[in-house]
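These protein sequence lines are chains W and L, in that order. Going by my numbering, the first residue of the first sequence is number -3, and it counts up by one from there. Going by my numbering, the first residue of the second sequence is number -3, and it counts up by one from there. Below is one structure, written out as structure tokens; the observations come after it.
Number of protein chains: 2
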Amino acid sequence: MVDELRYGSVVAGADTKRRILDVALDAFGRDGYAATSLDGLAEGLGIRKQTILYWFSSKRDLFEAVIDDTAADLADAFDEVSDSGLTGLEQVQAIVDQAFRLAVRRPEVLGLVREVTRPGSLTASRLATRVRPLFDRARDFLLREMHAGRIRCSDPAMLLLSLYSTVVGMVTELEVARTVGFEPTLRATVMRRRELMRFLRAALSPENPAPVIA
Amino acid sequence: MVDELRYGSVVAGADTKRRILDVALDAFGRDGYAATSLDGLAEGLGIRKQTILYWFSSKRDLFEAVIDDTAADLADAFDEVSDSGLTGLEQVQAIVDQAFRLAVRRPEVLGLVREVTRPGSLTASRLATRVRPLFDRARDFLLREMHAGRIRCSDPAMLLLSLYSTVVGMVTELEVARTVGFEPTLRATVMRRRELMRFLRAALSPENPAPVIA
DNA sequence: CACGTTGTCTACCAGTTGGTAGACGTATTG
DNA sequence: CAATACGTCTACCAACTGGTAGACAACGTG
């Protein structure tokens, strides 16, 4: 009772900022930007909205901080894969594994990705500039693997777009999956991952053993 | 001036309902449910919010009406394809064409699909039950084509999920496309469609058996 | 110990939200 | 022509929105 009056840095300190970011990621990822209110976030945190506005000057500011934070996480996750030295479909497999792990453990992250890549999103450029390097690296990877004859030749950027759509969709479209009869159980998820890899393997395998393109 | 006072059924009549549905589809599809306000819609229509609430008893009611309406449109578009009698990859091609046409001419529709298939969406079941028959038909189609040897064998429902993800993603992810360097021009769209078909052809062709990895 | 800094709070606020109540003009119909 | 149904409106409203102003307690430092 009396403790409640003893607010100040001792009670929470700067880790409040961390907690706000976490809860905000959750809410923005699950409900979207517009459907998330500062009051709601504050209530979930057991603090007042004004404390949020102390750490982040506005709702949009908070949103952008969440994006930056998440982009850093994503970059780390994929750096790990690309540093693994795997080649061809094995690296693709590793990325798919990573994506599914994310979908199971932190679905909000993928929700945020979905939210922020919505056509016309005002903050699209935010995640874009953060994630752009990842895309460039992935494109280079595809190009290399094409030359090495391990992946079917095509426009690497376009192919990457197809891959992205397929993987993110497969990982994100839970409601659609449910509609076609897959309840979101672990078993069904594992099956989805396996089918996805089969699909990608078919889509990426080089038709001819070693197509040489100048 | 004086005309404005002469409201009543003569001025607009029941086509007001139609106009509301159209504008609402636009807004819900572009901005999402939460970011759309009845006042905003009304202003865009040159009427008062209360008129909207006369035709639709609540915002949610309007949203569901829009979904039903859109589902009917989608069903028509795909009935057309499946009645065409095309087989194998040719029907797939026809569906992709249909999807791209939709993306160019009525992007809001795909925006609505995206909105309503969001994980945890409260109205997911709405579109789901409406679109379910389409999915079933598509699955049967895939199964038939597999037996006929025109499409690579796999679990048809799972394969359908992959196809859905790829096509909808490719058609929807405009911001991601921009990030990898494709401005949303007509030319780039045509290229995206072509690449998508190449991708799907590779993924579906039976004569491209995936190397089996346990 | 005095004093500024930091982190949280209470108290507000103006604007917007979805929604209700009811007036009013028009058209239809007995 | 009276009565009724219909479609739109004006007038509100309580709840909620993001955001400001400023009090206040704890801490760190001279």
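Heads up, the beta-carbon is just placed ideally off N, CA and C, and yes, glycines get one too. Source: prediction; values computed, not measured.
Any chain W beta carbon closer than 7 angstroms to residue i
{"i": "Ala67(L)", "result": "no"}
{"i": "Thr181(L)", "result": "no"}
{"i": "Ala206(L)", "result": "Residue confidence for Ala206(L) is low, a pLDDT of 48 falling below 50, so the modelled location carries little weight; the figure read from the coordinates is stated next. So yes, Ala206(L) belongs to the interface."}
{"i": "Arg2(L)", "result": "Because Arg2(L) carries a pLDDT of 47, less than 50, the predicted location of this residue cannot be relied on, and no value is offered for it."}
Closer than 7 angstroms to chain L by CB, residue i
{"i": "Ala20(W)", "result": "no"}
{"i": "Leu170(W)", "result": "yes"}
{"i": "Met154(W)", "result": "yes"}
{"i": "Pro115(W)", "result": "yes"}
{"i": "Ala90(W)", "result": "no"}
{"i": "Phe195(W)", "result": "yes"}
{"i": "Ala10(W)", "result": "no"}
Proximal residues of chain W, C-beta to C-beta of residue i below 7 angstroms
{"i": "Pro151(L)", "result": "With the sequence shown as reference, residue 151(L) is identified as Asp, and Pro is not the correct amino acid for it. Within 7 angstroms Cβ-Cβ: Glu191."}
{"i": "Ala120(L)", "result": "Glu171"}
{"i": "Arg148(L)", "result": "Ala198"}
{"i": "Gly28(L)", "result": "Gly28, Ala30"}
Between the CA atoms of residue j and residue i - distance to the nearest angstrom
{"i": "Leu1(L)", "j": "Lys55(L)", "result": "Note that Leu1(L) scores 44 on pLDDT, short of 50, meaning its location in the model is unreliable; the coordinates nonetheless yield the value given after this. Each residue's Cα considered, the two are about 27 angstroms apart."}
{"i": "Arg126(L)", "j": "Lys13(W)", "result": "44 angstroms"}
{"i": "Ala10(W)", "j": "Asp64(W)", "result": "18 angstroms"}
{"i": "Leu58(W)", "j": "Ser161(L)", "result": "30 angstroms"}
{"i": "Arg128(L)", "j": "Gly28(W)", "result": "26 angstroms"}
{"i": "Asp72(W)", "j": "Thr66(W)", "result": "10 angstroms"}
{"i": "Thr168(L)", "j": "Leu156(W)", "result": "15 angstroms"}
{"i": "Thr175(W)", "j": "Ala68(L)", "result": "17 angstroms"}
{"i": "Gly40(W)", "j": "Arg183(W)", "result": "32 angstroms"}
{"i": "Phe96(L)", "j": "Asp22(L)", "result": "18 angstroms"}
{"i": "Ser201(L)", "j": "Arg110(L)", "result": "28 angstroms"}
{"i": "Phe137(L)", "j": "Arg190(W)", "result": "22 angstroms"}
{"i": "Ile48(W)", "j": "Leu37(W)", "result": "9 angstroms"}
{"i": "Arg148(W)", "j": "Leu34(L)", "result": "50 angstroms"}
{"i": "Pro152(W)", "j": "Pro115(L)", "result": "30 angstroms"}
{"i": "Arg44(L)", "j": "Asp132(L)", "result": "42 angstroms"}
{"i": "Thr119(W)", "j": "Arg197(L)", "result": "35 angstroms"}
{"i": "Arg122(W)", "j": "Thr113(W)", "result": "10 angstroms"}
{"i": "Arg146(W)", "j": "Ala134(W)", "result": "15 angstroms"}
{"i": "Leu82(L)", "j": "Glu203(W)", "result": "25 angstroms"}
{"i": "Phe52(W)", "j": "Ser117(L)", "result": "28 angstroms"}
{"i": "Ser150(L)", "j": "Leu139(L)", "result": "9 angstroms"}
{"i": "Val163(W)", "j": "Asp79(L)", "result": "30 angstroms"}
Integer Cβ distance of residue i from residue j, believed to fall under 8 angstroms
{"i": "Thr154(W)", "j": "Met187(L)", "result": "Here residue 154(W) turns out to be Met, not Thr, going by the sequence shown. Yes, Met154(W) and Met187(L) are in contact; Cβ-Cβ is about 7 angstroms, under 8 angstroms."}
{"i": "Gly84(L)", "j": "Gly25(L)", "result": "Actually they are not in contact, since the Cβ atoms of Gly84(L) and Gly25(L) sit about 32 angstroms apart, beyond 8 angstroms."}
{"i": "Leu192(L)", "j": "Val88(L)", "result": "With a Cβ gap of about 10 angstroms, Leu192(L) and Val88(L) do not count as contacting."}
{"i": "Gly165(W)", "j": "Gly42(L)", "result": "Their Cβ separation, rounded to whole angstroms, is 39 angstroms, which puts Gly165(W) and Gly42(L) out of contact at 8 angstroms."}
{"i": "Glu171(W)", "j": "Ala124(L)", "result": "7 angstroms"}
{"i": "Thr181(L)", "j": "Val100(L)", "result": "Not really, about 11 angstroms apart at Cβ, beyond 8 angstroms."}
{"i": "Ala61(W)", "j": "Leu17(W)", "result": "6 angstroms"}
{"i": "Leu130(W)", "j": "Phe74(W)", "result": "6 angstroms"}
{"i": "Ala199(L)", "j": "Ala199(W)", "result": "4 angstroms"}
{"i": "Ala20(L)", "j": "Ala31(W)", "result": "About 17 angstroms separates the two Cβ atoms, so there is no contact after all."}
{"i": "Gln94(L)", "j": "Val77(L)", "result": "6 angstroms"}
Contacts that residue i makes with chain L (C-beta to C-beta distance below 7 angstroms)
{"i": "Met166(W)", "result": "Leu157, Ser158, Ser161"}
Residue i - DSSP class collapsed to helix/strand/coil
{"i": "Ala30(L)", "result": "coil"}
{"i": "Phe202(W)", "result": "It is worth fixing the name first, because residue 202(W) is Pro in this sequence and not Phe. If DSSP states are grouped into helix, strand and coil, Pro202(W) belongs with coil."}
{"i": "Ser121(L)", "result": "helix"}
{"i": "Glu169(W)", "result": "coil"}
{"i": "Gly40(L)", "result": "helix"}
{"i": "Leu82(L)", "result": "coil"}
{"i": "Val175(L)", "result": "This sequence places Thr at residue 175(L); Val is not what is there. Thr175(L) falls in the helix class under three-state DSSP."}
{"i": "Arg56(W)", "result": "helix"}
{"i": "Ile147(W)", "result": "coil"}
{"i": "Ala67(W)", "result": "helix"}
{"i": "Pro129(W)", "result": "helix"}
{"i": "Pro115(L)", "result": "coil"}
{"i": "Pro103(L)", "result": "helix"}
{"i": "Thr12(L)", "result": "helix"}
{"i": "Thr181(W)", "result": "coil"}
Under 9 angstroms by beta carbon: chain L residues contacting residue i
{"i": "Thr175(W)", "result": "Thr113, Ala120, Ser121, Leu123, Ala124, Thr125, Val127, Arg128, Phe131"}
{"i": "Met187(W)", "result": "Asp151, Met154"}
{"i": "Arg110(W)", "result": "Arg110, Arg114, Pro115"}
Contacts of residue i in chain L (Cβ-Cβ under 8 angstroms)
{"i": "Gly107(W)", "result": "Arg114, Pro115"}
{"i": "Arg101(W)", "result": "Within chain L, no residue comes near Arg101(W); the closest Cβ sits about 15 angstroms away, beyond 8 angstroms."}
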